[in-house]
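Residue 36 in our numbering sits at position 36 of the sequence shown, with consecutive numbering throughout.
Where a beta carbon is used, it is the ideal one built from N, C-alpha and C, also for glycine.
These numbers were taken from a predicted model, which means no experiment stands behind them.
Inspection log for the structure reproduced underneath, given as structure tokens.
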Amino acid sequence: SLIEFRDEERNILFIEKLKKAGLNFELNKEDIIAVEENLFEEKTFVISGVFENFSRDELKQRIVLLGGKVISSISKKLDFLVAGDKMGPAKLEKAEKLEIKILSETEFLAMVERLQD
């Protein structure tokens with residue numbers, strides 16, 4: 001078992017070496033808060049329009065890596081619409097009607113940065 005492993009003398013010494021090398025075995029408060037505040041985890045996103053700093057594929061990859069899901073259409077199941085320039089007015093209107101949170105590129109990047117701080 002894990003407890004037996006931890007209590008063996010050779011493993012105690014090995015763990016001490018890892019700690020001295022800088023490996024942290026404990027979660028700090030900031031780590032716990034970051035996990036609890038992951039705004040992407042199990043959330044759905046639609047990406048629409050043209051973006052200044054990223055391609056739509058790059059945005060999609062970032063969302064997926066952070067635990068979100070990218071879908072293609074506006075519906076009640078949608079959590080966030082990431083809105084770039086030249087986005088179709090119909091998507092924007094539908095998102096507003098369904099009271100979906102609309103994020104600009106800047107707001108989206110701020111969400112990402114909060115998770116990475």
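Annotation: the stretch 39-101 contains the following complete segments of the alpha helix (DSSP H) (minimum length 4 residues), in chain order: 56-65 and 89-97. DSSP places L115 within a helical segment (H, G or I) once states are collapsed to three.
Between F80 and F54 the beta-carbon gap is near 15 Å, outside 8 Å, which marks them as no contact. With contacts defined by Cβ atoms closer than 8 Å, E58 and E105 do not form a contacting pair. Assignment of beta-bridge partners to L103 by DSSP yields V82. Boundaries for E8: no alpha helix (DSSP H) harbours it, and the DSSP string shows neither H nor E there. Between L98 and A83, the C-beta spacing is not below 8 Å.
Of the other Cβ atoms in all chains shown, fewer than 16 fall within 10 Å of the Cβ of I12; this residue is therefore exposed. With 16 or more neighbouring CB atoms inside 10 Å of its own CB, A95 falls in the buried class.
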